[in-house]
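In my numbering, the protein residues as written are 2 to 137. Data block below; observations after.
Encoded structure:
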């Protein structure tokens, strides 16, 4: 049996690890795409099939940043408003649930973008392997 406080702590730990893993996978995805780049007359290009996953990864990294910027801004405005109303640092406060919605939306979108990018990367790699080994 677990307490609500323990469940919340588990949520924070697991969502933080998922966020870190998504970020690391995004950077690794950029490295995978870079491996397949080509250079002609000094112009670097990637295969057309890797443009979408590259854009998805860049979008995921942007949303990752946006998640933390939005959360920091909203919580900063909330705490500053409380301070202006005379709330002391040790006073108990209740924040509206909506304050976390933008960060949660960014979190979900970031995970979805990384998964979508890796699905595209996987399909590209499968097509290469199929060509190399003359598979259907």
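Using N, Cα and C, we set each Cβ at its ideal position, and we do this for glycine too. Computed from a predicted model, the values in this text were never measured in an experiment.
Here DSSP, grouped into helix, strand and coil, assigns residue 47 to coil. Cβ-Cβ distances below 7 Å link residue 39 to 46 in the same chain, with the five nearest sequence neighbours on each side left out; the list follows chain order. The region 51-62 and the region 117-136 touch, with three or more beta-carbon pairs separated by less than 8 Å. Remark: C-beta atoms of residue 51 and residue 63 do not approach each other more closely than 8 Å. When secondary structure is reduced to three states using DSSP, residue 80 falls in the helix class. In this structure, residue 115 keeps its C-beta atom at 8 Å or more from the C-beta atom of residue 8. Of the candidates 107, 133, 10, the residue whose Cα lies closest to the Cα of residue 24 is 107.
Cβ-Cβ distances below 8 Å link residue 104 to 68, 69, 71, 72, 75 in the same chain, with the five nearest sequence neighbours on each side left out; the list follows chain order.
Put simply, the backbone Cα of residue 42 is about 18 Å away from that of residue 49.
Per the coordinates, the alpha-carbon of residue 35 lies some 10 Å from the alpha-carbon of residue 29.
In the structure shown, residue 20 adopts helical secondary structure according to DSSP, grouped into three states. In terms of Cα proximity to residue 100, the closest of 83, 87, 131, 79 is 79.
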